[in-house]
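J.: Below you will find the structure I want to go over with you.
Numbering (this note's numbering), first residue to last: 192 to 386.
Okay, structure coming up:
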């Protein structure tokens, strides 16, 4: 149960001061107070158990890294935590939009299922699109191309990719983000409209 009493706010500020000193017990106590609420808030926007769990982990990983930058004069602890959570949720929603664009681009490479045989013009366009995407993917570093292919062609989540490759979840996310950025640049260089 969250409390907005002055004593509770003071106690939470002290927890953050202890976390800034790398006190794992303090982090655990703060986690116990807020993890469920942050999860619930994330779930309203994301609707995915796995993504919400990752948001909670991301929030507390950031708290661990940046507790020393918390300023009680600027915001209460709960407000600060919810701002971090909101930022992580927005990052995930933006990531979905990017993935959707790439997925739509890949799907548009395949001939429509309603037609058995594409016409000559459609066939040429499909072959050209495949060649452009293949060339763009070949220009991406292999470690980034691997995670993109696992994500978009096999439909694996970030957590599943981490488990399959043995990479840290943060590494998977970073490689996907960098890979998408490089793919966009490569497609633009090949005169593909990425807007």
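In this text, a Cβ means the ideal position worked out from N, Cα and C, and glycines have one as well.
Which residues mark the beginning and the end of the alpha helix (DSSP H) in which residue 378 is found?
T.: Sequence index remark: in the chain shown, residue 378 carries index 187 (1-based). Element bounds for residue 378: 360 to 380.
J.: Is the segment 351 to 358 close to the segment 243 to 257, with three or more CB pairs under 8 Å?
T.: Cβ pair count under 8 Å is below three, so no.
J.: Which residues in the same chain as residue 194 place their Cβ atom closer than 6 Å to its Cβ, once the five residues preceding and following it in sequence are excluded?
T.: Here residue 194 refers to the residue found at position 3 when the chain shown is read from its first residue. Below a pLDDT of 50, predicted positions are generally treated as unreliable, and residue 194, at 49, falls in that range; no measurement from the model is reported.
J.: Under a Cβ-count criterion, where at least 16 other Cβ atoms within 10 Å of its own Cβ denotes burial, should residue 380 be classed as buried or exposed?
T.: Indexing the chain shown from 1 puts residue 380 at position 189. Classification of residue 380: exposed, given that the 10 Å Cβ count is below 16.
J.: Using only the alpha-carbon positions, how far apart do residue 203 and residue 252 sit?
T.: Looking up residue 203 in the chain shown gives position 12. Looking up residue 252 in the chain shown gives position 61. Near 17 Å, if we compare the C-alpha coordinates of residue 252 and residue 203.
J.: Can you tell me whether residue 192 is buried or exposed, with buried defined as 16 or more other CB within 10 angstroms of its CB?
T.: In the chain shown, the residue the question calls residue 192 occupies position 1. Residue placement at residue 192 is flagged as unreliable, the pLDDT there being 45, under the threshold of 50; the coordinate-derived value follows with that caveat. Answer is exposed; the Cβ neighbour count stays below 16.
J.: Please state if the CB of residue 206 and the CB of residue 215 are separated by a distance shorter than 7 Å.
T.: One-based indexing of the chain shown puts residue 215 at position 24. One-based indexing of the chain shown puts residue 206 at position 15. For residue 215 and residue 206, no; Cβs fall outside 7 Å.
J.: Whole angstroms is fine: what's the gap from residue 197's alpha carbon to residue 268's?
T.: On the chain shown, residue 197 is found 6 positions in, with the first residue counted as 1. On the chain shown, residue 268 is found 77 positions in, with the first residue counted as 1. For residue 197, the predicted model reports a pLDDT of 49, less than 50, meaning its position is unreliable and no value from the coordinates is stated.
J.: When we look at the beta-carbon of residue 233 and count the other beta-carbons within 10 Å, is it buried (16 or more) or exposed?
T.: One-based indexing of the chain shown puts residue 233 at position 42. Flag for residue 233 reads buried.
J.: Report the rounded CA-to-CA distance for residue 324 versus residue 218, giving the unit in angstroms.
T.: Within the chain shown, the letter at position 133 stands for residue 324. Within the chain shown, the letter at position 27 stands for residue 218. Whole-angstrom Cα-Cα distance: 45 Å.
J.: Assuming the contact rule is C-beta atoms closer than 8 Å, residue 336 and residue 328 should be a hit. Round their C-beta distance to whole Å, please.
T.: As a position in the chain shown, residue 336 is number 145, starting the count at 1. As a position in the chain shown, residue 328 is number 137, starting the count at 1. With a Cβ gap of about 6 Å, residue 336 and residue 328 count as contacting.
J.: Does residue 206 come out as helix, strand or coil in the three-state DSSP assignment?
T.: The sequence position of residue 206 within the chain shown is 15, counting from 1. It is helical.
J.: Considering only the alpha carbon of each residue, which of 371, 318, 322, 362 lies closest to residue 340?
T.: As a working mapping, residue 340 is identified with position 149 in the chain shown. If we check each option's Cα against that of residue 340, 371 comes out closest.
J.: Leaving out five residues on either side along the sequence, give the residues of the same chain with a beta carbon under 8 Å from the beta carbon of residue 284.
T.: Taking the first residue of the chain shown as position 1, residue 284 is located at position 93. Answer for residue 284: 236, 237, listed in chain order.
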